[in-house]
Amino acid sequence: MTLWLGLRSVVFTFFFFLVTGVMGIISPFISPFLSPDAMYRFLQKWGTINLFLLKVICGVKWQLRGEENIHPESTAIVLSNHQSTWETMYLLSLFPSMSWVIKQELINLPVFGWGMRKSRPIAIDRKAGRSALCQIQENGKIRLDQGNWVCIFPEGTRVLPGKKARFKLGGAQLAVHSGYPICPVAHNAGECWPRGELLKVPGTITVSIGPRIEVAGKTPEQVNKEVEEWITEERKRLPLVR
53 MTLWLGLRSV VFTFFFFLVT GVMGIISPFI SPFLSPDAMY RFLQKWGTIN
103 LFLLKVICGV KWQLRGEENI HPESTAIVLS NHQSTWETMY LLSLFPSMSW
153 VIKQELINLP VFGWGMRKSR PIAIDRKAGR SALCQIQENG KIRLDQGNWV
203 CIFPEGTRVL PGKKARFKLG GAQLAVHSGY PICPVAHNAG ECWPRGELLK
253 VPGTITVSIG PRIEVAGKTP EQVNKEVEEW ITEERKRLPL VR
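Read in order, the letters of the sequence shown correspond to residues 53 to 294 in our numbering.
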């Protein structure tokens with residue numbers, strides 16, 4: 053059984069890198085002719101294609117709870133727990149045009165990073181400390197005022213299922229600074245796509261979208277605590293991957 057799962061995972065990984073490579077090669081050539089929104093839709097295709105391949109080849113499915121809480125017509129800040137590559141592809145395909153807070157080195161990747169620049173990310177140097185936080189606040193508010201959502205993983209890195217990492221303040225500070233609400237997201241994707249492992253485990257990932265968290269009259273610390281508590285408790289309520 054493990055051998056069969058491993059073989060399927062290898063096949064998926066081959067196609068994942070093939071799709072990523074082909075679209076990465078194409079992106080710098082088409083990006084000068086595409087608007088930022090069109091470039092974002094191109095990146096969404098990358099996500100939906102790989103999600104489809106993962107479902108067909110490895111048997112990894114998903115279900116969505118709380119879709120009514122998205123309110124696509126009203127811009128917000130998405131704060132989600134981070135366990136694997138899966139949620140990056142899924143959130144990319146689920147939400148309207150979003151600016152992602154990402155590591156600076158991703159923008160500097162040859163070929164694919166060049167195309168990524170056109171999608172209006174907020175690229176930060178995680179070692180820059182307060183300077184990085186200011187960059188999130190300033191550029192994040194600009195993106196939000198332009199009608200783009202902003203997505204942040206407050207844990208700052210992928211965390212194994214069952215483990216806990218302190219939520220960083222950047223997302224909450226952006227929300228309080230800009231006045232935009234937070235759309236919290238909890239999921240258990242790491243059960244099917246474990247961090248740093250080749251093996252993809254078949255099952256159904258659950259993604260839960262929570263009610264919006266308003267920030268008026270709150271401090272960043274209060275907002276951050278509210279977000280962390282909701283995501284932590286909601287993760288406990290998610291059904292087992294089966």
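Every residue gets a Cβ at the ideal spot worked out from N, C-alpha and C, and that includes glycine. Quick caveat, the model's predicted, so the values are computed rather than measured.
Within 10 angstroms of the beta-carbon of Lys216 lie fewer than 16 other beta-carbons, which makes it exposed. Comparing C-alpha distances from Gln225 to each of Phe67, Gly199, Thr209 and Ile129 shows the shortest one belongs to Ile129.
With fewer than 16 neighbouring CB atoms inside 10 Å of its own CB, Gly199 falls in the exposed class. Distance from the CA of Gly222 to the CA of Pro206, rounded to the nearest whole angstrom, comes to 7 Å. Around the beta carbon of Arg289, a 10 Å sphere encloses fewer than 16 other beta carbons of the protein chains shown; the residue is thus reported as exposed. Burial of Ser132 is indicated by the presence of at least 16 other C-beta atoms within 10 angstroms of its C-beta. Gln115 sits in a strand when the DSSP states are folded into three classes. C-alpha of Cys235 to C-alpha of Val108: approximately 30 Å in a straight line. Rounded to whole angstroms, Arg93 and Ser183 show a C-alpha spacing of 31 Å. For Cys235, the uninterrupted beta strand (DSSP E) run begins and ends at Ile234 to His239, by DSSP. If you check the CB distance, Lys252 and Val112 come in under 9 Å. When the Cα atoms are used, Leu144 and Gln96 turn out to be separated by approximately 6 Å. The shortest CA-to-CA distance from Asn102 to any of Leu70, Cys186, His123 and Pro88 is the one to Leu70.
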